[in-house]
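Peer 1:
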Amino acid sequence: MNFEAENVKRKCDVDQPTSKRYRREEEAKSDSDNDENYIPYVSVKERRKNQMNTLRSRQTKYEKTDKLLKTDENDGLLSFEPRSTISLFDQHIDLKLKAEKIKENTREKQLKEEEKILESVTEHTALMGVAELAKGIQYEISIKTGWRPPRAISTLPAKQHELLREKLHIIVEGEDIPPPIVTFQAMKFPLSIIKGLSKKGIMKPTPIQIQGLPAVLSGRDMIGIAFTGSGKTLVFVLPLVMFCLEQEMKMPFIDHEGPYGLIVCPSRELAKQTCEIIRYFCKSVYENGNLPEIRTCLCIGGTAVKEQMNCMRGGCHIVVATPGRLMDMLNKKMLTLDVCRYLCLDEADRMIDMGFEDDVRTIFSFFKGQRQTLLFSATMPKKIQNFARSALVRPVTVNVGRAGAASLDVIQEVEYVKQEAKIVYLLECLQKTAPPVLVFAERKQDVDAIHEYLLLKGVEAVGIHGGKDQEERTRAIEEYRSGEKDVLVATDVASKGLDFPSIQHVINYDMPDDIENYVHRIGRTGRSGKTGVATTFVNKSCDESVLLDLKHLLFEAKQKVPPFLAAIQSENENCLFVGDERGCSYCGGLGHRITECPKLDAVQSKQAQTIGRKDYLASNSADW
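Note that full-length UniProt numbering has the sequence shown beginning at 1, numbered continuously upward.
#1: Assuming residue 346 and residue 270 form a contact by the criterion Cβ under 8 Å, report the distance between their Cβ atoms to the nearest whole angstrom.
#2: For residue 513, which residues from the same chain have a beta carbon less than 8 Å from its beta carbon, with the 5 sequence-adjacent residues on both sides left out?
#3: By DSSP, does residue 441 sit in helix, in strand, or in coil?
#4: Does the count of Cβ pairs from the segment 132–139 and the segment 199–212 closer than 8 Å reach three?
#5: Do you know whose CA, among 373, 393 and 146, lies nearest residue 175's CA?
#6: Pull up the distance between the alpha-carbon of residue 47 and that of residue 58, whole angstroms please.
#7: Who does residue 399 pair with in a DSSP beta bridge?
#8: Given a cut-off of 8 Å, decide if residue 409 and residue 526 are closer than it, judged by their beta-carbon atoms.
#9: Any idea if residue 536 is buried or exposed, counting beta-carbon neighbours within 10 angstroms, 16 or more meaning buried?
#10: Measuring alpha carbon to alpha carbon, tell me which residue in 88, 379 and 142 is nearest residue 215.
#11: Determine the closest residue to residue 173 out of 320, 275 and 400, with distance taken between C-alpha atoms.
#12: Flag this pair as yes or no: are the beta carbons of residue 628 and residue 237 separated by less than 8 Å?
#13: Compare the Cα-Cα distances from residue 169 to each of 402, 597, 463 and 423 and report the closest residue.
#14: Buried or exposed for residue 273, going by 16 or more other Cβ atoms inside 10 Å?
#15: What did DSSP end up calling residue 412 once you bin it into helix, strand or coil?
#16: Give me the DSSP bridge partner(s) of residue 463.
#17: Quick check on residue 373: does DSSP put it in helix, strand or coil?
#18: If you reduce the DSSP assignment to three classes, tell me which class residue 71 lands in.
#19: In its own chain, which residues sit with a C-beta less than 6 Å from the C-beta of residue 246, not counting the 5 before and 5 after it?
#20: In chain order, which continuous runs of the beta strand (DSSP E) of length 3 or greater are located wholly inside the segment 181–239?
#21: Under the three-state reduction of DSSP, which class applies to residue 480: helix, strand or coil?
#22: For residue 255 versus residue 295, is the C-beta distance shorter than 8 Å?
#23: Report the start-end ranges of each beta strand (DSSP E) in the segment 308–368 that is 3 residues or longer and not cut off at the edges.
#24: From the DSSP output, in three-state form, read off residue 617 for me.
#25: Helix, strand or coil for residue 15, going by three-state DSSP, please let me know.
#26: Residue 363: which of 397, 306, 242 and 264 sits nearest, CA to CA?
#27: With H, G and I counted as helix, E and B as strand and the rest as coil, what does DSSP make of residue 534?
#28: Beta-carbon within less than 8 Å of residue 618's beta-carbon, same chain only, minus the 5 sequence neighbours each way: which residues are those?
#29: Would you list the one or two residues that DSSP bridges to residue 505?
#30: Anyone know if the C-beta pair for residue 493 and residue 532 falls short of 8 Å?
#31: What whole-angstrom Cβ distance do residue 284 and residue 159 have, given they're in contact under 8 Å?
#32: I'd like to confirm the pairing. Which residues does DSSP put opposite residue 264 in its beta bridges?
#33: Classify residue 563 as helix, strand or coil using the three-state DSSP reduction.
#34: I'd like the list of long-range same chain contacts for residue 422, defined as Cβ closer than 7 Å, with 5 residues on each side in sequence excluded.
#35: Quick check: residue 692 and residue 297, are their CB atoms within less than 8 Å of each other?
#36: Using a Cβ-Cβ cutoff of less than 8 Å, which residues in the same chain neighbour residue 623 once the five nearest sequence positions on both sides are dropped?
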């Protein structure tokens, strides 16, 4: 028993220090907790001093914030200081107004910057003849004609004319604008012309004709902008036929005299088509109205000059020409513009973009007096409009829709197709609609490859591009227009102004590098109020900037935007529409501003590459 008691005592002695150690740790921990919760005593004087320092630091912070938000006194905005008497709601409204003002200032700065860029790239040399520039000749009065609007229309109040323009979405700029007229009869056209219009199925004028024809008949210079297939050709053809009739009846044209009117077109096919339209109405006037014969001459490259000279020998009233052949004939004195008083540049912006700007300026130098100048296009950016106004006298700008907008009668379909699958998928697309179908490609090699492939598959197809001779191009167009061939494969030589009324489907084998070319391409269908379909193949090889323009063009026309196209975003997506300007003022694209215009960058880089190059080549040739 003693042994057991002794063991228990030893055990207690061993356990006792351990329990005491734990108890000491707990006591130390509770002491430390009490130290943390302990708040030292601070005197009243010290506390007031700390409160004053806190208030001063807050006041300094508010003053710094207020300096950042304050605007000039001329801004007309209230900027109140952070006081307790002003509610948070009022402060919120004030900050919102200031933020909007800052945003407006940013927009104004952007617009000023874009104006400077546009001014720097705009051609400052006036679109006038050399003699007129040298002598300082400036015309201030428009050419007078014998046409007057009907009294019942001219006496109507100006507000009623404005209501009609708003109803038809016609935007007009200029001074002393002639009133719009809604019927051909009220425009005082002879019965023979009205019969000719009826045979073509044209019963009433389109919006561009309602405002454009009275302006041209009044002798005013004009810039006409309207979507493709809207009837722009008749706006400058019908008045010219009337003016030539008037001149022929007063004093008949003698041998080698003329022309009175000159129409310049960028492509041979467009010039030929315009000449055929003029000849149709001249024939209608001559046969149905017992009026003098109006002679028209076509001057284009690829044809014999001798035939054109024979046409000019008997006296010519109207000449339709391309810039290259016209310059050649003017320089060789085969053609004179001594009595020419009517000049029309069809697809004027495309002509200037294609490098005919100097030729057009030289053509102006051959005129011996004032002329009535008309410029027409579906895509005419502000750059071209400002440049063209230097050649116009009191111009009237008639705009139906936005310049560069696609026709609303065209159903636009964009499909993602790999490069190697394009030519096979083309056969499936041809089955969407009945023939005829028009296929566009960017390169001549692609046109030849597509043409050969379709022929191997049994499709009746023809192809045209700039590498083919004129006889082959003319035959292809005639076979396609007459219905002998179902498919026409072409480059952009067939995209400008050509009229194929029966086309229901246009296929873009590739997306063009310029959104303006896309608008012209799809404009070959959906003409004269009819509905058409345009299918475009795109893939990774397409430039992203052009796809952005295409996306916003589809949005504008309220077309279906495919998901892969909608996913493309611009870095400055919120800055595409600034003020009244939409998109780029240089090329007309809606997916970018002029500060990011790829076309402008390409032009400037090309100009930079050519600086000093001619001198370098000349020096090398001299060494040889």
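Ideal Cβ placement from N, Cα and C applies to all residues, glycine included.
Peer 2: Put simply:
#1: The pair is a contact, with the Cβ atoms about 7 Å apart (cut-off 8 Å).
#2: Beyond the five residues adjoining it in sequence on each side, residue 513 comes within less than 8 Å, by CB distance, of 442, 543 and 546 in the same chain, given in chain order.
#3: DSSP places residue 441 in coil when its eight states are reduced to three.
#4: Contact annotation: the segment 132–139 does not touch the segment 199–212, with fewer than three C-beta pairs closer than 8 Å.
#5: Residue 175 has its Cα closest to that of 393, out of 373, 393 and 146.
#6: One C-alpha to the other measures close to 17 Å.
#7: For residue 399, which the question treats as bridged, DSSP gives the partners 171 and 225.
#8: The beta carbons of residue 526 and residue 409 sit closer together than 8 Å.
#9: With 16 or more other Cβ atoms inside 10 Å of its own Cβ, residue 536 counts as buried.
#10: If we check each option's Cα against that of residue 215, 142 comes out closest.
#11: With distances taken between CA atoms, residue 173 lies nearest to 400 out of 320, 275 and 400.
#12: This structure cannot settle anything about residue 628, because the visible part of the chain is limited to 1 through 624.
#13: In this structure, 402 is the residue among 402, 597, 463 and 423 with its C-alpha nearest to the C-alpha of residue 169.
#14: Buried, because 16 or more other Cβ atoms sit within 10 Å of the Cβ of residue 273.
#15: Three-state DSSP puts residue 412 in a strand.
#16: Note: residue 463 sits in a beta bridge opposite 489.
#17: In this structure, residue 373 counts as strand in the three-state DSSP scheme.
#18: In this prediction, residue 71 has a pLDDT of 46, which is less than 50 and means its spatial position is unreliable; nothing more can be read from the coordinates.
#19: Closer than 6 Å at Cβ, skipping near neighbours: no residue.
#20: With a minimum length of 3 residues, the continuous beta strand (DSSP E) runs that stay inside the segment 181–239 are 222–226.
#21: It is helical.
#22: Their beta carbons are not under 8 Å apart, which means residue 255 does not touch residue 295 by this criterion.
#23: If only uninterrupted beta strand (DSSP E) runs of at least 3 residues are considered, those enclosed by the segment 308–368 are 318–321 and 342–346.
#24: Since pLDDT at residue 617 reaches only 37, below the 50 mark, its modelled position is unreliable, and no value is offered.
#25: For residue 15, the predicted model reports a pLDDT of 47, less than 50, meaning its position is unreliable and no value from the coordinates is stated.
#26: Nearest C-alpha to residue 363: 264.
#27: Strand at residue 534.
#28: The predicted position of residue 618 is uncertain, since its pLDDT is 37 and thus under 50; no value can be drawn from it.
#29: Residue 505 has 437 and 533 as its beta-bridge partners, per DSSP.
#30: No. Outside cutoff.
#31: In fact, because the Cβ distance is near 38 Å, the residues do not count as touching under 8 Å.
#32: Looking at the DSSP output, residue 264 bridges to 321 and 345.
#33: Here DSSP, grouped into helix, strand and coil, assigns residue 563 to helix.
#34: So the list reads 509 and 537, once near-sequence residues are dropped.
#35: The first residue shown for the chain is 1 and the last is 624, placing residue 692 beyond what the model contains.
#36: Residue confidence for residue 623 is low, a pLDDT of 35 falling below 50, so the modelled location carries little weight; the figure read from the coordinates is stated next. Excluding positions up to five away in sequence, the list is empty.
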